[in-house]
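Protein chains in written order, with the numbering used here: chain A, 12 to 237; chain B, 28 to 344; chain C, 2 to 484; chain D, 2 to 670.
What follows is a set of notes on a single structure, which appears directly below.
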Amino acid sequence: MTPAIILSDALGGQLINLCAAIMLLLGFAMLAQRRILSLINLFMLQGAVLFTSTVIVAYTTHQSHLYWSAGLTLSLKVIALPYILHRLIRKLSVKWDVETILNIPTTMLVGIALVVVAFNVAQPISQLSGTIMRATIGIALACVLLSFLMMITRSKAVPQVIAFLAMENGLFFAATSATYGMPMVVELGIALDVMVGMVIFGVFFFQIRQQFDSLDIRHMERIKEE
Amino acid sequence: MNFYALIAQLIELVAALLLAPLLVGWVNQCRAWLQNRTAPPLLQTYFTLHKLFRKEVLLAHNASPLFRAAPYAIFACMALASAIVPTLSTNLILAPAADAIAFVGLFALARVFIALAGMDVGTSFGSLGSRREMLIGFLAEPALLMVFFTASLISHSTSLSSIVQTLTRTDLIIYPSLAFAGTAFTMVSLAENARVPVDNPTTHLELTMIHEAMILEYSGRHLALIEWAASLKLFAYSCLGIALFVPFGISATALPTDLLLAASCMLIKLAIGGFVLALIETLSAKMRIFRAPEFLGTAFLLAVLAMLVHLLLETGR
Amino acid sequence: MSELVLVLAIPLITSAVLALAGHRQYAANINIAGSLLTLLAAALLTVRVISDGPLNALEEQFFVDPLNVFLIALTALVGFTTSVFSRPYMRIEHDHGKLSSGRLRLYHSMFQMFMCTMLVALSTNNIGILWVAMEAATLATVLLVALYRTPESLEAAWKYFILCGVGIAQALFGTILIYFAAEQVFVHEEGAMLWTHLYAYRTELEPTILSLAFVFMIVGYGTKTGLVPLHNWLPDAHAEGPTPVSAVLSGLLLNVALYAIIRCKVLVDGALNTHFAGNLMMGFGLLTVVVPSFYLSRQRDVKRLFGFSSIEHMGLVTFAFGMGGGVASFAGLLHMTVHSLTKSAIFFAVGHAAQMAGTQVIDEIKGLIRRSPTIGWGLMLGSLAILGMPPFGVFTSEFMILTTAIKHYPWATPVLLIALGVAFASMFGKVQNMAFGEPTVKPLAHNPALLPVFLHLGLVLILGLWIPPYLSEWFRQAARMVG
Amino acid sequence: MSRLALIDWVLITALIWLALGIAGVFLAHRFTVISRVLFPLGAINSLVLGILALVGLLSETQELILPIGLPGLPFHLRLDALSSFFLFLLGATSAGISIYAAGYFRKSQSAVLGLQCLLYHAFLTSMSFVLLANDGYAFMVAWETMALSSFFLVTAEHRHPEIRRAGYLYLLIAHIGSVAILLSFGLMAGSTGDYTFDAMRQFADGAFWRTTAFLLALVGFGAKAGILPLHVWLPEAHPAAPSPVSAMMSGVMLKTAIYGLLRVGFDLLHAHTWWWGLLLLLVGLATALFGVVFSAVQTDMKRLLAYSSIENIGLITLGMGLTLIFRAFGMTGFASLALTATLYHCLNHAFFKSLLFLSTGSVLHATGERNLGKLGGLIHQMPWVAWLALIGVLASAGLPPLNGFVSEWLLLQSFLFTPEVPHGYLNMLLPVFAAAIALIAALAGFTMVKFFGVVFLGQPREEKLAQAHDASRLSRLGLLWLAAGCVLLGLMPNVIVSLLDPVMQLLIGFGRQLDARPENWLFLAPFYEERASYSPIIFFCGIVAMTLVSWLAVRRYFHSRAKRVPPWDCGFPLQTGRMQDTSEGYSQPIRRIFSPFFKRTRQHPSPFDAQPRYLSIVEDPFWYWLYLPVAWIVEQGTRVVDFLQRGRIAIYLLYSFATLITLLVLTRG
């Protein structure tokens, strides 16, 4: 191996960890966010970070197919989905601020607890991880759990969906940076699913609006056991 | 089965058929004496039977064949019963055919027939009577059976003749259990023969009558048969009581000499028994029908107690 | 391998065709034809596997072994019968004006798409593709559940979508973890996602990672299997979707999700060689048997009722696989088979019953046997079969499961039995009142296709009395693999 | 073709029934074919089976393995003395019932007749398989099929809600019972996991597991036999079913439960624990007493018979318990005597109870009434049924010289040996059971008199009864067959008893307990004649002779005419059917004496009532002691789980979230 690569390796490692930290930060920011538009922007930012981290991994490990997946991320998570979401919001003229079931500070506290759990769980994995990025799995897991929490606490359809997508981000991050990306077929498949899922969400928004003339999912509590 | 057994059997049967009404007559006479009445003639029962046999039969419109057949069946049952009881000798032909349990079954058969006959015409009194009869029956039967059980636990057998044989042979061992059994037996036989504390054979007062209520619709020869059967029943019971509790004198063989001796003892014992019955009837008062179950329940419990006493005191352990 | 390609391709093509012509009068026939072809291809495949044993295809991305071959055959069969059933059913729905022809097109095309995704999920060798196929199946069925666009159906679909989406996401994380663990083993990383390779190297995989992975897997795919407490979407989706969809949902989808869990279990057992996965599955299984049996007794919606019963049976199967061992796994596979046959048959009958009564409310469905004996008896016999009455096959598998439980886990037996007893008491009373009594239901406009019902019940009956040797041979091999 | 073994023939007869049933489905609309051809054929088949079973009693045990069933566990069949005896019972009884059924169905029912035919014959087939099965799986399949087919027969008239309720209750309790049986098999198969009965015979785990297995079997078979407190389905299901079916259920199906209990208790577990026997005695006593007291107060004739079936099952259980105790103390001779009584009572009950149920069927058929308060005087309209029913009534009242008495006699005889039991308290306690049995028998007499008297005697209580018609020819034939069975079983018990010997050998390992030597064909005598003896034939001849003699004598000497007049009745002017005792009135003393048994609601009219009405409902207290509480518990459970499903998606997400976190933490820690 040439020293340059090693150097860049170490550097790449640091960069990746930086990205990971930013991911987690953004996760918290989304959890705390009250305004829907900035929620979307944060989601876009997260996508961008994901893209950079993927590129870095691709560069440091010289895996060409990771560039592809980076491209996918860029086009899908940074450009396409935010755009669709913006249009949807304009179309559906959703109220701009987001109501949460749980109030923000509590949510944050729970989130921190979650991060602790996630790290604790991921510890053995990161220990035996031969790759340069140690903590990334833990952080990815933390992101996933945070988005999960967000899905629970948000009472509107759109934020819930954004949280869902953020969860996908976390998974992607785990897939690309913890393991050097999955086989191409899988990544394509996943991307496709996300895309279709998004479209279906879009359809649903309109339907739900039609039926309940609001996107508040608290209207959808009819089917239950008495 | 030897020749003497056959003879003894026939003698017993005939004797029972002939003497049964006499016993009833004797009881009535004693009662009359005890109640300071002038007694009817001793043979009054025979006269009544004769008169009834001669009389025309009046059948209710909707009387079924069962109604007409019942008297014969009842009579047959009673005759057979009194034939089975070892009155004179324990060496009888019919003895092995039916043991104590079958004997009780025989009485039950007769009772069922008369109860059904009572319901057949469908009058208010008939069904009332048969209900009461069955009520008394289902309490009296087990009591009687338990009396037999005590005896047969003593003698390790349920066949009447071997019971009586054992009881005659074991001279003068006092069985406390038999005392209980005897009391129970007396109570049962009072109830079974429609005697005073439970029923009154001489009344037709609607509220109290049991036996009479069932046979209200009978007349003529049918009534005669039933009355005769009733007297046979009394006779059989008395002989049974005697055979179980004061058995001495009943011969194990069937030789003519023994039979004569046995017959004479038997007559004396029957006379005494009849007097005792009359005495009881005079001294006790007719009880309400609802009290009858308690009376018989007591009898039943006494009988069971007798059995337990036997198991406690008299068995080897 | 050509058969395998056929099996996967035919539904895809049919779906494409129906996407264009699904609203036509003859669309239903195309649907049936496509399913029939799939069934034939699956039969060919089965024959091939019987003759030459397991096979790989498309550079090992797909494979067929005893474990999935009969599931493929079963899926194709139930898909075919369901398409036969849905022809008159959907026609009636259409006549009642519940569905526009556009929706009909969506239905037909999505139905085939769903079949395709199932078959892919069953036959793929790549756990990543397995995940993709499961997600795709979810998306397809979401559209199917929401077909009527009534508020209830939308709500049900939304819940289904969100809950299963989240669940599936967990499963993806598990998949990534397995892949991550595999990378530690394989120097050459291609094939690190192929189940066969993982199976070959299963003992060398890192235990801690795999245990975590299995947790994610069972939570993820368990959501789709309907394990308590992840089951909440299931009754809603069953009740609000069109009946053919309910039939394939509980008949097939649950099986496939469970199949995914079983595949992971094999790897995890290999890596840990403890009973960790088994215990986890047994725990979920018991919970999933007991809780739904209590839901049953106060149900008012008939399809919901049977949805809960499906949950219960999935719990039973999970418990069986959790116990492990030859007999239990055998019983589990058998139970998967008979349950999907019986339950889809029941849903066929229930669907027409609901159409006759014009409602799904149990108390308003009465006297089916008087009005239409075939439907009534189908419902009655099907329910008795699902309640574990001999001589139907469900009893056979329950017999094996219970006896194994008595042998190895005596403490679990009374729990199972109480649950089954309660389920019997609460379900049979309702079914009896639906089938018997003075009719309140009206006859159908088009005469129903009840061949599927009695075909399924007949198969279940045969399985109850006699299991064909080659089938039992498959089951044995599969059971040996599952361990 | 190679010669077929006996068991093959038995199997074939069983399958012929099935074939007849299926034929019935295909000929569904040919009423006459089904009723006049298929059912009689079935009856003939029953006869053949009965004969085969008799041969089986005398020949060696035979086994057979069918190529169906589980992969590891094909159907094992076995024809030994015990199963042969019960197969004989099945064949002999069902012959009468089938021929009766042939004449029973109306044209109006022909719509469902094909299905009925199938179910009826499937019922028969499954019962014979229950008796043949030699492994747990085959037994369970046959057992549940039996329950299922009989359930559909019971709910034939499913338009009426109460019949649906009855069927539901029946199947539910049957299912619970079968689960218990399954568990007991599981315990006996134990660690071997081998479910053939041969393997279970080797089951030799600790006393605890044996006892558990036995108790589970007791619960399971008790649920089918109607042993307290699992009897509640019986008085509901029997009236609901068509009469041939109730006859079959009460006469034969209950006996299959007894068979199962014998098979498990004696053959598989070869019981040696005396307190099992005591337990059986206690439940048996409770069942018998409860059954007879309740049957005495019933106002519906089929419910009355159903409760009386409970009573008889109780007696049979008593016999079994006594056998067990004797066997446990190694007194095999007495044990086999008691077992003879038990089996003989099974046979007797099969005959007289199906006879009675069929006669109620004819009454129902002719009048459409089941309520005792609306019947009466039918002996005039339907003499055949009445006189044949009288035989059944006398038999079931346990009166000599009919069959009911024989088994009672044997039972009491065997109780007389209990003082020999080498156990301090038992030998005091057991004779008291004999007293109770005597009481029960006498009460049965009361009940039967009430039944016959109210239904067939007296004046009709309704006008329409005048149009009642007698049973059809085929039905009469069926009744006749069963009545003849009652008489023959009563008159020549020795034959049957000597046939029972192989069963004794099988279950007790000791036969020849009764002095039933061919030269001593006349007398039924346990051990030796002086001990006790009973000769039904002499007895019978005695009664007949006496009757004839008295009748002839009276005819000869007093041939006075009989005149028809209005009934006298102490000179009451007018007599209406309303003035006779109703069935409530008849059973009033029982209600009074045994009042603690009942849960009753009464409402007496006040003296100033314009339209006085009297209401007295007697309910089974076990509903309130056992069943309603259980239902309540389940109800609470449903409320709890319903609380989990509140339709809120956030909550649902929270569930999975919590599950995930918990599992992760657990796995990690």
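For every residue, glycine included, the Cβ atom is placed at its ideal position computed from N, Cα and C.
Between which residues of its own chain and residue i is the CB-CB distance below 7 Å, once the five residues before and five after are set aside?
i	result
A:TRP79	MET195
C:ALA436	LEU369, ILE370, GLY377, LEU380, MET381
D:THR213	LEU188
Closer than 8 Å by C-beta to residue i: which residues in its own chain qualify, once you throw out the five before and the five after it? Chain order, please.
i	result
C:MET357	ILE366, LEU369, ARG372, SER373, ILE376, VAL442, LYS443, PRO444, LEU445
A:ALA15	Residue placement at A:ALA15 cannot be trusted, given a pLDDT of 43 that sits under 50; what the coordinates show is reported in the next sentence. Cβ within range, chain order: n/a, list empty.
A:CYS154	MET34, LEU35, GLY38, ALA177, MET178, ASN180, GLY181, PHE184
B:ARG95	LEU86, HIS249
Taking Cβ-Cβ distances shorter than 7 Å, what residues in chain D pair up with residue i?
i	result
A:LYS235	GLN646, ARG647, GLY648
A:VAL132	LEU665, ARG669
C:SER212	THR668
A:PHE159	PHE658
Is residue i near the ligand FMN, in the sense that its beta carbon is under 7 Å from a heavy atom of that ligand?
i	result
A:ALA129	The model depicted lacks the ligand FMN and carries no ligand whatsoever.
What does a CB cutoff of less than 6 Å around residue i pick up in its chain, not counting 5 residues either side in sequence?
i	result
D:ILE650	none
D:ARG165	HIS159
D:ARG304	PRO236, PRO240
D:ALA8	Note on residue identity: the sequence assigns Ile, not Ala, to residue 8 of chain D. Excluding positions up to five away in sequence, the list reads GLN63, LEU65, LEU80.
C:PRO469	none
So who's on the other strand from residue i, going by DSSP bridges?
i	result
D:TYR535	D:LEU525
C:VAL65	C:LEU56
B:ASP126	None, per the DSSP bridge assignment.
B:SER116	B:SER278
A:LEU48	Bridge partners of A:LEU48: none, in fact.
D:LEU616	D:GLN604
D:ASN349	The partner list for D:ASN349 (beta bridge, DSSP) is empty, contrary to what the question assumes.
Which bits of chain C does residue i rub up against, with CB to CB less than 9 Å?
i	result
D:ALA190	THR404, ILE407, LYS408
Q: Report the residue ranges of all alpha helix (DSSP H) runs contained in full by the stretch 253 to 329 of chain C; include only those spanning at least 4 residues, in chain order.
A: As for any alpha helix (DSSP H) of minimum length 4 sitting wholly inside the stretch 253 to 329 of chain C, the runs are 255 to 273, 277 to 297, 303 to 324, ordered along the chain.
Q: Scan the stretch 123 to 169 of chain C and note each continuous beta strand (DSSP E) run of 3 residues or more that stays entirely inside, going in chain order.
A: The DSSP assignment places no complete run of the beta strand (DSSP E) inside the stretch 123 to 169 of chain C (cut-off: 3 residues).
Q: Could you tell me which uninterrupted alpha helix (DSSP H) segments, each at least 4 residues in length, are contained entirely in the stretch 429 to 494 of chain D, listed from first to last along the chain?
A: Runs of the alpha helix (DSSP H) inside the stretch 429 to 494 of chain D: 474 to 492.
(Q) Counting beta carbon pairs with one atom in the stretch 170 to 187 of chain B and one in the stretch 120 to 136 of chain B, are three or more of them shorter than 8 Å? (A) Between the stretch 120 to 136 of chain B and the stretch 170 to 187 of chain B there are three or more C-beta pairs closer than 8 Å, enough to call the two in contact.
Q | Three or more C-beta pairs below 8 Å linking the stretch 376 to 391 of chain D and the stretch 323 to 335 of chain D | A | Touching, no, given that fewer than three Cβ pairs across the two stretches are closer than 8 Å.
Q | Any beta strand (DSSP E) of 3 or more consecutive residues that is wholly inside the stretch 39 to 115 of chain D | A | Assignment of beta strand (DSSP E) within the stretch 39 to 115 of chain D, counting only whole runs of 3 or more residues, yields 63 to 70, 75 to 80 in chain order.
Q. What residue ranges within the stretch 368 to 419 of chain C form continuous alpha helix (DSSP H) runs of no fewer than 4 residues, ordered along the chain?
A. As far as the stretch 368 to 419 of chain C is concerned, its whole alpha helix (DSSP H) runs of at least 4 residues are 369 to 372, 374 to 387, 394 to 409.
Q: Report yes or no: do the stretch 134 to 152 of chain B and the stretch 572 to 590 of chain D share at least 3 C-beta pairs separated by less than 8 Å?
A: Three or more pairs of CB atoms, one per stretch, sit closer than 8 Å, so the stretch 134 to 152 of chain B contacts the stretch 572 to 590 of chain D.
(Q) With a threshold of 8 Å, are at least 3 pairs of Cβ atoms found where one atom belongs to the stretch 190 to 202 of chain C and the other to the stretch 244 to 255 of chain C? (A) With the cut-off at 8 Å, the stretch 190 to 202 of chain C and the stretch 244 to 255 of chain C do not touch.
Q.
Three Cβ pairs or more, each shorter than 8 Å: is that satisfied between the stretch 318 to 332 of chain B and the stretch 165 to 172 of chain B?
A. Three or more beta-carbon pairs drawn from the stretch 318 to 332 of chain B and the stretch 165 to 172 of chain B are found closer than 8 Å, and the two stretches are therefore classed as touching.
Q.
With a threshold of 8 Å, are at least 3 pairs of Cβ atoms found where one atom belongs to the stretch 107 to 118 of chain C and the other to the stretch 55 to 74 of chain C?
A. Output reads no: the stretch 55 to 74 of chain C does not touch the stretch 107 to 118 of chain C.
Q.
Which complete alpha helix (DSSP H) runs does the stretch 254 to 312 of chain B hold, if anything under 4 residues is left out?
A. Listed in chain order, the complete alpha helix (DSSP H) runs (minimum 4 residues) inside the stretch 254 to 312 of chain B are 283 to 310.
Q. Is the stretch 288 to 304 of chain C in contact with the stretch 256 to 270 of chain C, if contact means three or more CB pairs nearer than 8 Å?
A. Pairwise C-beta distances place the stretch 288 to 304 of chain C out of contact with the stretch 256 to 270 of chain C, as fewer than three of them are shorter than 8 Å.
Q.
Can you confirm whether the stretch 352 to 368 of chain D touches the stretch 382 to 394 of chain D when touching is taken to mean that 3 or more C-beta pairs between the two stretches lie within less than 8 Å?
A. Yes, they touch.
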